[in-house]
Structure formats: structure tokens, C-alpha cells
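The structure appears below as C-alpha cells.
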Amino acid sequence: MNKKSKLETQLMHYAEERGAYHGAIVPPIFQNSLFAFKDWEAIDEAFDDRVNHYIYSRGKNPTVKMVEEKIALMAGGERAQLFPSGMAAITASCLHFLSPNDHVIAIKNLYGPASSLLKNYLAKKMNIETTFVSGECIEDFEAAIQENTKLIYLESPSTAVFSLQDISAVAKLAKSRGIKTMIDNTWATPIFQKPLEMGIDLEIHSFTKYLGGHSDLVGGVVIGNQVEVDDIFHHEYELLGAKTAPMEAWLLLRSLRTLSMRIEKHQANGMAVAKFLEKHSKISSIQYPGLKSFPQYELGQKQMKGYTGLMSFKLKTDAIEEIKSFVNGLKIFQIGVSWGGHESLVYAPAISYLKELDEKQFKNMGISLGDIRISVGLEHVEDLINDLEVALGHIK
Ligand SMILES: *Cc1c(COP(=O)(O)O)cnc(C)c1O
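Structure, rendered in C-alpha cells:
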């Protein structure tokens, strides 16, 4: 397959060596732990070049490799490494870049467990200090740089509050100061945003979300240049034993075939739902980077080619019974924590925060009881809007 074909074509065929498995249109799942060699010389040669040989499935596996090649091409990177979860990909990247006593700059609304990894785990185990910045202007990053700053960690759009960072500007600043950069690009996917082309060193995804898209697998991926990702393969992947299951890789390969179509549909549905909510009398505000009213709309237009289907909004009520009746009133949007799948989901941060915080602490964090997050799926958009309309009718 020619690397110059269009993306949709590549997602169907690139890296699939059908001749090697009887022309099967869908590749087999290489569900084997080891690979046998014809003689002493053959295994000897494989040991000399471990990145390019199949030896043992904690390292390379053909099903996993096929997906990695497709994702690397799609993101404009030289190499991708799959991981068994998005968090495994994030942890591996942080460990790759960081040593004890280093300093990190990250955005303050980073994905919760990633923030916890830095703040609670790496801080205690390795004395790594993190400065969390709002990240909405380049001066935030510049002011936070210290002599021992080794990494800037972005998430744009952030999946908590949907704020953006100017990716090219941060990459340029970091390069000029010898600092490495990584970005969580799970929201936009490589279909809509290509951070590696903007100068970022490593791009990571939870492929549990849009890349997988069917809510039937959990996984992560790291994409970057050959040297960087090979190093991650030899250390954080093989040594820490973060092996990706061939079955998950195979499901992801299936998912990638429809990725561009699914993402276009998430965008169309997401945009229609956002416009409906924006005008609704029971809603006080909405965070969706695709709306013209979004504070960083211009920046989004500059660095993204489109918008997906995860967004949040604020109900015009703080009465918990009304908020509950809205959430329980939804029949198509199901209640759940993840996002990016075929199905529409709703989640209210109040459900978890109310267990740990009182209402005052809650407000101090800038969260209100009426905050609602929805993941707009692939159902018919009229059904989704009707569902929201009926449930919003439960609010006085
Ligand atoms: C879900 C998620 C992750 C973590 O991915 P897992 O596959 O659940 O480990 C990381 N970043 C973002 C933005 C996510 O939404």
C-alpha cells in the first residue's frame, strides 16, 4: 500500500500483509506467546535487532504491530507503541522523560488519574515536582520553567473543562529551552489534530475512547519519532511488562477501519446537540470548542480540523432533586463514566464529588452541582435532542 493514498484508504489497507495469511481479508489474531526459529543463526540475528523481529509476545506481536503502523501513519509519527491502557501509555511516557528530582509543567485540568500520578505518586516516589498552570496563554508556561524542568505535559482540548493550549507555541518555547513535550490528544484524535506536526515530541491516546469507539476494549498508544518510541519499547514497555493483548489490538484494527466516518458523525451530532443546548432556557453555559461563542474558538480553528462529541454544560439549577430528575429522565443517554463510544452517555461530576466534598468546597473548586458532561454518540441526532428536551422538562 502506497503511503500517499488518502487516510480513509490507508485505514482500510495499510500495513496489512494479506499474502502472509492466505489472503484473509481480516488478519488473524496472533494469539501466541513465542516465535520459533529455523536455526541457531536465525534466532541469533533476531536478538541483534529486537525491534524488528518477533521473538516473544511481551515484546513484538504481529497483530499489535499492524495496528501500530496504521496509527503512526495516521498521526504523522515514525513509530507508535500500543499499551494495555491509556494510563499505561501516560505512565510509560512520564517515566521515559523523567528522573528523580526533575520538574514538570502540566495543565491544571489534566485528566484526573494523570494528575494524580504526578501529584501523588511520582512526587512521593521520585521527588518529581509538578507545577500546574492554566495553560491558556504561553506566558503561563514560560513563567513556570525552572532549571530542572524536563517535561511539559498538555491535554488540548482538556476533557475536564475543554480549555485549549496553543500547541505550536508551547512546542517552540519548549524546544528553545531543551524541554520535552507530550500531549494527550484523546479528544480530537489524529483525524482532527496532528500535534507531532506542530513540534510536540510524544502524542498519547486512550484508545478506549474514539479510536476504539465501540466500548468493548481498553487500551492506549504512544506515538513519536523512532528513537524515542524504540527507547520506550525497550524500557517502559518490555521491562515493566506493559504487554498489549493481541485481541485488543485486533479489535482496534477493526475500529480504525471506520474511524474517519465515526468521527465525522460524532462531529455532526455533537455540533447539533451543542447548538440546541446553547439556546435552551434551562442551561446557563456550555463548554464545546466547536461553538463560535467558545472563548478560544479562534485557537481551535487554527490547530484543529474539527470537533468531536464530548462536552459539558451547566443546568440553571442547584437543586439536587431537579438535577437528579434530569439525569434520570434521559432514556437514550446512558449514565456512565467513559466516553467516545458509539453510545451517548451522561455523567454528573456531582455524583463522585458529593461523596468527598461538601457543597462549599465544591463551589471553591469552580464546579457547580448542575455541571453535566455528555458524550454524544452515533444514534440519530433527532432522538438525542428529543431525549434532552424531555429530560430538561423535569427542571422548573
Ligand atoms: C480515559 C482517558 C485516559 C485514560 O485512559 P484509559 O484507557 O482509561 O487508561 C487518559 N486521558 C484521557 C483524556 C481520557 O479520557
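With numbering that gives the first Met the number 0 applied, the sequence shown corresponds to residues 0 to 395, in that order.
The beta carbon of each residue, even a glycine, is placed where N, CA and C say it ideally should be.
The structure presented is a predicted model; accordingly, all values stated were derived computationally and were not measured.
- Between the alpha carbons of Ser133 and Gln9 lies a gap of roughly 37 Å.
- Ala347 counts as buried, since no fewer than 16 other beta carbons sit within 10 angstroms of its beta carbon.
- Setting aside the 5 residues that flank it on each side, Leu195 is surrounded in the same chain by Ala74, Gly75, Gly76, Glu202, Ile222 and Gly223, each with a C-beta closer than 8 Å to its C-beta; the list follows chain order.
- Collapsing the DSSP output to three states places Leu377 in coil.
- If you ignore the 5 residues before and after Gln295, its C-beta comes within less than 8 Å of the C-beta of Glu135, Ser162, Leu163 and Pro288, all in its own chain and listed in chain order.
- Distances from the CB of Gly85 to the heavy atoms of ligand 1 include at least one below 7 Å.
- A direct Cα-Cα distance of roughly 13 Å separates Leu172 from Met181.
- Here DSSP, grouped into helix, strand and coil, assigns Glu358 to helix.
- Restricting attention to Asp230, Pro156 and Met246, the CA atom closest to the CA of Lys304 is found in Pro156.
- For Glu128, same chain residues with a beta-carbon under 6 Å away, outside a window of 5 residues either side, are His102 in chain order.
- Every beta strand (DSSP E) of 3 residues or more that sits fully in the segment 160-199 is shown, in chain order, as 179-183.
- The C-alpha of Val220 is placed about 15 Å away from the C-alpha of Ile199.
- Taken from the Cβ of Asp183, at least one heavy atom of ligand 1 lies inside 7 Å.
- In this structure, Pro83 places its C-beta atom within 8 Å of the C-beta atom of Lys242.
- Across the structure, Met197 and Ala170 are spaced so that their CA atoms are roughly 7 Å apart.
- Between the beta-carbon of Phe275 and that of Leu387 there is about 7 Å, and that keeps the pair under the 8 Å contact cut.
- In the DSSP assignment, the residues bridged to His204 are Val220.
- Each residue's CA atom was taken as its position, placing Leu353 and Gln360 some 10 Å apart.
- Secondary structure at Tyr55: strand, using DSSP grouped into helix, strand and coil.
- Proximity of the beta carbon of Gly219 to ligand 1 is indicated: a heavy atom of the ligand is located closer than 7 Å.
- For Tyr296, the enclosing alpha helix (DSSP H) has its first and last residue at Tyr296 to Gln302.
- With respect to Ile373, Leu344 sits close: the two C-beta atoms are nearer than 8 Å.
- Pairing Ile144 with His204, the inter-Cα distance amounts to about 26 Å.
- Closer than 7 Å to some heavy atom of ligand 1: that does not describe the Cβ of Lys242.
- Here the distance from the Cβ of Tyr346 to the nearest heavy atom of ligand 1 is not below 7 Å.
- Per DSSP, Leu97 is not a residue of any alpha helix (DSSP H), being assigned neither H nor E.
- DSSP, reduced to helix, strand and coil, places Phe325 within a helical segment of the structure shown.
- Annotation: the continuous alpha helix (DSSP H) that includes Ser114 extends over Gly111 to Ser115.
- Under the criterion of beta carbons closer than 8 Å, Leu309 and Gly369 do not qualify as touching, at roughly 18 Å.
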